Amino acid sequence: MLVVMQSHATPEQIDEVLRAIRQMNLTPHPMPGATRTAIGITGNVGAIDPRTLEVLPGVMELLRVTKPYKLASREMHAADTYVRLPQGTIGPGTVTLIAGPCSVENEAMIVRTAEFLMARGIRLMRAGAFKPRSSPYSFQGMGLEGLEILAHVRQWTGIGIVTELMDTDNADAVEEVADVIQIGTRNMQNFSLLRRVARAKKPVLLKRGMSATLEEWLMAAEYIMAGGNYNVVLCERGVRTFSDHSRNTLDLSVIPPVKNLSHLPILVDPSHGTGKRDYVPPMALASLAAGADGLLIEVHPDPNHALSDGAQSLDFGGFERLLESLKRLAEPLGRTLS
1 MLVVMQSHAT PEQIDEVLRA IRQMNLTPHP MPGATRTAIG ITGNVGAIDP
51 RTLEVLPGVM ELLRVTKPYK LASREMHAAD TYVRLPQGTI GPGTVTLIAG
101 PCSVENEAMI VRTAEFLMAR GIRLMRAGAF KPRSSPYSFQ GMGLEGLEIL
151 AHVRQWTGIG IVTELMDTDN ADAVEEVADV IQIGTRNMQN FSLLRRVARA
201 KKPVLLKRGM SATLEEWLMA AEYIMAGGNY NVVLCERGVR TFSDHSRNTL
251 DLSVIPPVKN LSHLPILVDP SHGTGKRDYV PPMALASLAA GADGLLIEVH
301 PDPNHALSDG AQSLDFGGFE RLLESLKRLA EPLGRTLS
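Be aware that the sequence shown starts at 1, since it is given in the working numbering, and climbs by one per residue.
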């Protein structure tokens, strides 16, 4: 259910509606807009009697929301969401670039990468301190030591940090260091983890599960938003199909439906989506043309000797060439790289 307030509704009238919703043992989600405030309602297992609310002063109308993902849907929140960070804004009209190595390997490499990115106007760096790997014998990341390196580099260079949270045990440590908390594909439906980041004060980058439908993906976002964290960014990173010509099948066809059904921004990760560095630039350009609000690109100073995902990582020269191509494409699309 969505309560739409009148344009001239006072703060006191809005507070009265919030109190009335809480008295019904439901959860209100106020969403101030340019001209009026709307209040989403979650927590009901059956129909809500609208008469209790529609008679309150300042209420214009009550609308039923049919989608199972209430807060993530355009039915409840028609305007696009912009996630604002100290380093910039993620949302329509811009192209947010997040680049960096798959994992933190040592401080010198991270400093070198951060300085390279900052010199080219890239304000957000992705790098994993904790790495979920298919093999227990593969490099699993540096853990808390890796987080310390990221914190130092952030302080030294000013670059924003996007890093993955794998479990609730390390949530406080990751939240302290990260500007954006990443939930990886294997944890998209880790509901305990989703509930934890719902309480976080940092935006959440939610990667699509490797076999997840669009509705399942948006329902995972709903878990985070229902807990009070509305700064959610979706990330398409490829799904598992029968095709074997690339690591995954990068599903760019999901971008228009996401834009139609949800107000949340969506990024694309062509590095994991293809698994091969030669395929990353064309799929990055295709993502931008399809309407993505940004990209995650794996960049490493020496990909051939990377401890993880070197085959899909661009070297510095390759990233610079891609950056120039993205700038040329963004201009006729009316987009701004950030």
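From the three backbone atoms N, C-alpha and C, an ideal C-beta is built for every residue, glycine too. All figures in this text were calculated on a predicted structure; none of them were measured in a lab.
Through-space distance from residue j to residue i, alpha-carbon basis
| i | j | result |
| --- | --- | --- |
| PRO30 | ARG64 | 16 angstroms |
| GLU115 | GLU54 | 56 angstroms |
| PRO86 | ASP49 | 42 angstroms |
| LEU191 | GLY228 | Note that residue 191 corresponds to Phe in the displayed sequence, not to Leu. Taking the straight line joining both Cα atoms gives about 15 angstroms. |
| ARG237 | GLN6 | 41 angstroms |
| VAL232 | ARG126 | 16 angstroms |
| ASN170 | GLY143 | 9 angstroms |
| ALA226 | GLY88 | 25 angstroms |
| GLU164 | PRO57 | 45 angstroms |
| THR336 | THR94 | 5 angstroms |
| MET210 | TRP217 | 10 angstroms |
| HIS152 | ARG112 | 13 angstroms |
| VAL17 | GLY46 | 20 angstroms |
| LEU71 | LEU2 | 10 angstroms |
Environment of residue i [buried if 16+ CB atoms lie within 10 Å]
| i | result |
| --- | --- |
| PRO203 | buried |
| HIS305 | exposed |
| ASN106 | exposed |
| HIS8 | exposed |
| GLN182 | buried |
| GLN155 | exposed |
| ASN187 | buried |
| PHE222 | Per the sequence shown, the amino acid found at residue 222 is Glu instead of Phe. Buried, since its Cβ has 16 or more Cβ neighbours within 10 Å. |
| ALA178 | buried |
| ALA108 | exposed |
| PRO265 | buried |
| PRO332 | exposed |
CB of residue i within 8 angstroms of CB of residue j, strictly
| i | j | result |
| --- | --- | --- |
| LEU296 | VAL258 | no |
| HIS77 | HIS263 | yes |
| ARG208 | THR185 | yes |
| ALA200 | GLU175 | yes |
| SER271 | SER325 | no |
| LEU307 | SER103 | yes |
| LEU205 | ILE224 | no |
| ASP309 | GLU298 | yes |
| ILE122 | GLY294 | no |
| GLY158 | MET118 | yes |
DSSP bridge partner residues for residue i (one or two, in chain order)
| i | result |
| --- | --- |
| ARG84 | THR89 |
| GLY100 | GLU298 |
| LYS207 | CYS235 |
Minimum Cβ-Cβ distance from residue i to chain B less than 8 angstroms
| i | result |
| --- | --- |
| ILE21 | The displayed structure is made up of one protein chain only, and chain B is not part of it. |
Contiguous beta strand (DSSP E) assignments of at least 3 residues, all confined to the region 214-255: 232-236
Length-filtered (3 minimum) beta strand (DSSP E) runs lying within the region 264-301: 266-268 and 294-298
Every unbroken alpha helix (DSSP H) within the region 24-69, with a cutoff of 4 residues, ordered by chain: 51-54
Unbroken stretches of the beta strand (DSSP E), 3 residues or longer, contained in the region 112-143: 124-126
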